[in-house]
Structure formats: C-alpha cells, structure tokens
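For the sequence shown, the residue numbers in my numbering are 132 to 594.
The beta carbon of each residue, even a glycine, is placed where N, CA and C say it ideally should be.
A short write-up of the structure that comes next.
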Amino acid sequence: MRAAPEQSSTFEVARELFRLAWPAVMVGFLQTAVFLADRLLLGRFSQDALASMQVQGPVLWSLFSVFGGVLVGTVPLVARSVGAGDRARAEGAAHASLRVAFVVGVLVTLACLALVEPIVVGLGPKNDVVRELSRRYLVVAIFAFPPMFVAWTAALVLNAAGNTRTPFVVGLLTNGVNVVANVVLIFGADLGPLGRVPALGVTGSAIGSVLAFTLEASLLSWVLSRASSPVRVVRPWRSGGATERAARRDLFRLGGPAVLERIAIHAGYLAYTSVVTRLGPLVMASNQALITLESICFLSADGFGVAASALVGQALGRGAKGSATRAGWLGSALCAAALSSLGLGIWAAGPVLLGAFVPTGQDGSALVATSQSALPLLALSQPFMAAAVVLSASLRGAGDTMSPLYSAVVGGALVRVGLAVWLGLELELGVRALWLASAADWVTRTLWLAAAFARGRWQERRV
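Now the structure itself:
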C-alpha cells in the first residue's frame with residue numbers, strides 16, 4: 132500500500148514561501164531599480180525621451196511577454212519533476228525550454244526588424260520628435276530578445292528547482308552593469324585612453340540593455356551547466372534526445388493557452404496605450420512616471436508568484452495537494468499585505484518621488500500635480516494586483532494555464548480598455564481615467580482567479 136504524501140503545515144509553507152520569495156522579490160527590486168534609473172536618466176536627458184518610453188516600453192514588454200508564454204510550461208514541468216524526484220525529466224524539460232527560448236528570441240528579433248516602422252507609425256504619438264526617439268530605441272533594443280529569453284528561461288528553471296538565490300546574485304551583477312552602461316551611453320563620458328563616448332540618449336539606453344541581457348544569459352547558462360546545479364543542462368544547443376522531445380511537446384501544450392492569455396493582455400494594453408497617446412504629452416509623461424513607481428509593487432508581486440508557483444508545482448509532484456493549496460492562498464495573502472504597505476508608502480511620498488522625473492532646470496509642477504491626482508488609485512489597487520499575480524502564478528505552477536487566460540480576457544482586454552476609452556476620451560478625466568480603469572481590471576481578475584483556485588480543479592491537471 133502506498134504511503135500518503137507528507138503534507139506541510141501552514142508554518143512550514145510560510146517559511147518556504149519566504150525562503151524562495153525574498154531573492155525573487157529582490158530580483159524584482161533590482162529590475163525595478165534599473166527600470167527606474169533608466170527612466171530617471173532619460174527624464175534628466177529630456178522630457179521627450181521620457182515620453183517616448185510610453186510607446187517603446189509597452190511594445191517591448193508586450194512582445195517579450197506574449198512570446199514568453201510559450202515557455203510558461205517550464206515551471207510546472209521542472210517543479211513537478213523535482214517534487215517527484217525525476218531528475219531526468221526535469222533536465223529534459225530544462226534543455227527543451229532553453230533551446231526554444233533562443234529560437235523564439237531570434238524569430239522575434241527578425242520579425243521586429245521588418246516591422247519597426249509600422250509599429251512606430253501605428254502606435255506613436257503625433258509628436259514627431261517623440262516618434263523618432265521611439266524608433267531609434269526600438270531599432271537597437273530588439274537585439275536584446277535572444278539573450279533576454281534565454282536569461283529568463285534559465286532563471287525559471289532554477290526557480291522551479293527551488294534555487295532563487297542564484298538568479299538574484301547574477302541579477303545584482305548584470306543590473307549594476309546596465310546602470311553604469313546607461314550613464315555612460317546616455318550622457319556620454321570621457322574614458323581616457325579609450326576615447327570619448329558621445330551622448331547617445333535613448334539609443335545609448337537601448338545599447339546598455341542589450342549588453343546587460345547578454346551578460347545575464349551567459350552567466351545563468353554557465354550556472355546550469357555546472358555539476359552542482361539542481362537541474363543540469365550541458366550544451367543546450369545540441370539535441371537532448373527523446374526526453375527533450377517529449378518535454379518540448381508538453382511545453383507547447385501548456386504554453387498555448389499562456390500565449391493566448393498574453394495576447395489578450397497585451398492587445399488590451401496596447402489599445403490602452405493608444406488611449407494614453409491621445410491624451411497628450413503631459414498625461415503620457417505623468418502616466419509613465421506612475422507606471423515606473425507602480426513597477427516597484429508589480430515586480431515584488433512577481434517575486435511572491437515565483438515562490439508560490441514553485442511550491443505548488445513541487446507539492447503536486449509529490450502528491451501533497453493540501454500543501455499546494457496552502458502555498459497558493461498564503462502566498463496571495465502575504466503578497467497583498469506587502470503591496471498594500473508599498474502602495475501606501477508611494478502615495479505618502481508621491482510629491483518627492485514624482486519630482487525626480489522632472490528635468491533639471493525645468494518647471495515640473497504640471498507633471499507632479501497631474502500625477503498626484505492618480506496616486507490614491509495606484510495605492511488602493513495594490514492588494515488586488517498582488518492577489519491576481521500570485522493566484523495566476525500558482526495556477527500556472529499547477530499546469531492550469533486556462534484560468535489566467537479567461538481572467539485576462541475579461542479584466543485586461545474588456546474592463547481596462549472599455550473604461551479607459553469611456554473615462555479618458557469621453558468623460559475626459561485625464562490620468563485618473565487610466566488608473567480607474569487599471570484598478571477595475573485588477574479587482575475583476577482577482578475575483579475570477581480566486582473562484583478558480585477555490586474550485587480546486589487545478590489539482591487534477593496533467594503535466
């Protein structure tokens with residue numbers, strides 16, 4: 132008779148959540164710090180440079196997120212295999228994921244090379260200067276896609292295996308390189324015997340990103356190739372045989388709904404961005420400043436999601452459904468509490484934080500005042516965003532990629548865009564319209580995902 136799987140207590144689950152979450156949260160903070168520094172540097176360079184990020188930022192984020200959906204199956208495949216003690220299947224899944232990641236990155240880059248002009252014309256604002264800056268950034272930044280996909284996938288493999296510290300350490304190094312490179316390349320610098328680097332503005336920022344992602348992908352791939360790695364991948368460019376082929380089929384099966392989910396989210400977000408661009412440069416710059424501040428919260432939530440998805444997948448791998456359920460609910464609650472505190476802190480410190488986005492020597496009172504009007508909405512939506520992000524990650528960690536898809540269609544595509552059009556373009560509420568729409572989106576997703584998680588069908592998903 133087979134023994135019942137060992138179930139973890141609430142305390143043990145909470146301890147594991149914090150052990151896995153804090154490095155993942157710190158990775159989020161590192162990414163946010165670089166994102167913030169990049170925007171601050173561009174804001175100091177010129178307000179047009181900052182405004183241009185309202186176009187290129189969502190475009191790059193959408194492309195990476197949508198096509199990264201193919202690789203979402205990496206976490207449940209690796210985590211369940213690790214939980215079940217099947218190292219061969221875990222390594223086959225990791226091998227398949229890294230190969231697919233590189234191919235996807237190359238294909239996205241090639242497609243973007245042909246479509247840069249239509250993207251900029253279709254999504255760019257009427258302001259010719261901002262549109263040209265967006266084009267300059269995109270032409271360079273798209274070459275970051277291959278190393279970006281590989282680095283992200285390697286981190287997913289390590290996270291799913293329970294190693295969240297290594298991606299944090301690597302991220303600490305590469306993000307530091309990114310900031311230094313951006314300072315030099317955006318504003319220019321005299322490097323002595325090496326000569327003088329000219330001030331490249333947004334182009335310099337894009338070059339810095341490409342260099343940083345290439346370094347990150349190289350380091351994480353090296354970590355996975357070492358004998359001490361919990362899941363080892365040696366020479367990922369070579370075929371991994373039948374195990375890898377089977378894992379690749381599972382990867383595409385799980386990734387299909389995730390790609391559709393992200394298409395729904397980002398089609399909605401790009402439509403939302405088109406509303407933003409119609410509200411003028413001031414609202415665009417204000418919204419970009421607020422998004423930059425909110426990213427502190429979002430990437431922190433993503434860190435809790437990393438921990439919850441790994442624990443849910445590993446628990447299901449060893450047959451401990453109770454532990455998996457506790458990991459999802461507890462991760463959501465802890466993240467909601469943390470993000471509520473962060474949101475209130477941003478609201479309280481808003482005037483000071485927003486002032487950092489004002490170019491030196493310019494009057495930024497209009498930017499600060501416009502942004503401040505939406506700060507309460509930003510703060511009050513954080514617990515809902517936290518719960519939605521962690522519950523989505525928990526469901527994906529179990530192999531349920533359909534429930535997040537449905538929530539994204541209803542919340543991200545219908546609620547957010549519909550309210551942004553009505554409140555922003557018809558009622559002319561400015562930046563407040565955008566953040567009312569965002570808050571309503573997160574509330575809708577939280578309710579949908581909580582219902583799906585409570586039903587428990589995800590516990591029976593085949594991976």
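Per the DSSP calculation, residue i is bridged to which residue(s)?
| i | result |
| --- | --- |
| residue 377 | Looking at the DSSP assignment, residue 377 forms no beta bridge with any residue, so it has no partner. |
| residue 328 | 320 |
With distances taken from CA atoms, which of the options is nearest residue i?
| i | options | result |
| --- | --- | --- |
| residue 159 | 295, 382, 251, 527 | 295 |
| residue 447 | 215, 321, 510, 392 | 215 |
| residue 431 | 224, 153, 223 | 153 |
| residue 301 | 310, 221, 347, 290 | 347 |
| residue 119 | 571, 489, 228 | With the chain covering only 132 through 594, there is no way to say anything about residue 119. |
| residue 566 | 593, 387, 511, 385 | 511 |
| residue 171 | 552, 422, 501, 367 | 422 |
| residue 384 | 569, 411, 182, 531 | 531 |
| residue 108 | 178, 213, 204, 206 | This structure gives no information on residue 108, because the portion of the chain shown stretches from 132 to 594. |
| residue 408 | 161, 509, 265, 355 | 265 |
| residue 526 | 244, 230, 282, 581 | 581 |
| residue 564 | 522, 418, 529 | 418 |
| residue 151 | 486, 438, 502, 495 | 438 |
| residue 356 | 484, 569, 226 | 226 |
| residue 349 | 507, 263, 367 | 367 |
| residue 247 | 190, 496, 337, 522 | 190 |
| residue 351 | 382, 298, 405 | 298 |
Mapping DSSP to helix, strand and coil, what is residue i?
| i | result |
| --- | --- |
| residue 290 | helix |
| residue 368 | coil |
| residue 335 | helix |
| residue 520 | helix |
| residue 587 | coil |
| residue 133 | Legend: pLDDT at residue 133 = 42, less than 50; position of this residue unreliable, no value from coordinates given. |
| residue 542 | helix |
| residue 449 | coil |
| residue 443 | helix |
| residue 561 | coil |
| residue 203 | coil |
| residue 410 | coil |
| residue 360 | coil |
| residue 404 | helix |
| residue 503 | helix |
| residue 488 | coil |
| residue 177 | coil |
| residue 493 | coil |
| residue 456 | helix |
| residue 259 | helix |
| residue 251 | helix |
| residue 387 | helix |
| residue 529 | coil |
| residue 345 | helix |
Report buried or exposed for residue i, applying the criterion of at least 16 other Cβ atoms within 10 angstroms of its Cβ.
| i | result |
| --- | --- |
| residue 433 | buried |
| residue 589 | buried |
| residue 335 | buried |
| residue 259 | exposed |
| residue 249 | exposed |
| residue 599 | This structure cannot settle anything about residue 599, because the visible part of the chain is limited to 132 through 594. |
| residue 442 | buried |
| residue 291 | buried |
| residue 392 | buried |
| residue 591 | exposed |
| residue 321 | exposed |
| residue 587 | exposed |
| residue 472 | exposed |
| residue 192 | exposed |
| residue 135 | Legend: pLDDT at residue 135 = 44, less than 50; position of this residue unreliable, value from coordinates given subsequently. That one is exposed. |
| residue 468 | exposed |
| residue 146 | exposed |
| residue 593 | exposed |
| residue 584 | buried |
| residue 143 | exposed |
| residue 252 | exposed |
| residue 522 | buried |
>> Would the region 569-577 count as touching the region 509-526 if we require 3 or more Cβ pairs under 8 angstroms?
In response: yes
> Would you say the region 337-347 touches the region 305-312, given that touching needs at least three Cβ pairs under 8 angstroms?
Replying inline: yes
> Using 8 angstroms as the Cβ pair cut-off and three pairs as the minimum, do the region 367-386 and the region 313-332 touch?
Replying inline: no
>> Under 8 angstroms, with one C-beta from each stretch per pair, do the region 262-273 and the region 310-326 reach the 3-pair mark?
In response: no
> Is the region 164-173 touching the region 189-209 in the sense that three or more CB pairs, one from each, lie closer than 8 angstroms?
Replying inline: no
>> Three Cβ pairs or more, each shorter than 8 angstroms: is that satisfied between the region 233-244 and the region 272-290?
In response: yes
> Hey, is the region 555-572 in contact with the region 386-397, meaning 3+ C-beta pairs nearer than 8 angstroms?
Replying inline: no
> Are three or more beta carbon pairs between the region 475-483 and the region 532-544 nearer than 8 angstroms?
Replying inline: no
> Between the region 215-225 and the region 355-366, do three or more beta carbon pairs fall short of 8 angstroms?
Replying inline: yes
> Between the region 445-460 and the region 544-556, do at least 3 Cβ pairs fall closer than 8 angstroms?
Replying inline: No: the two stretches stay apart, fewer than three of their Cβ pairs being nearer than 8 angstroms.
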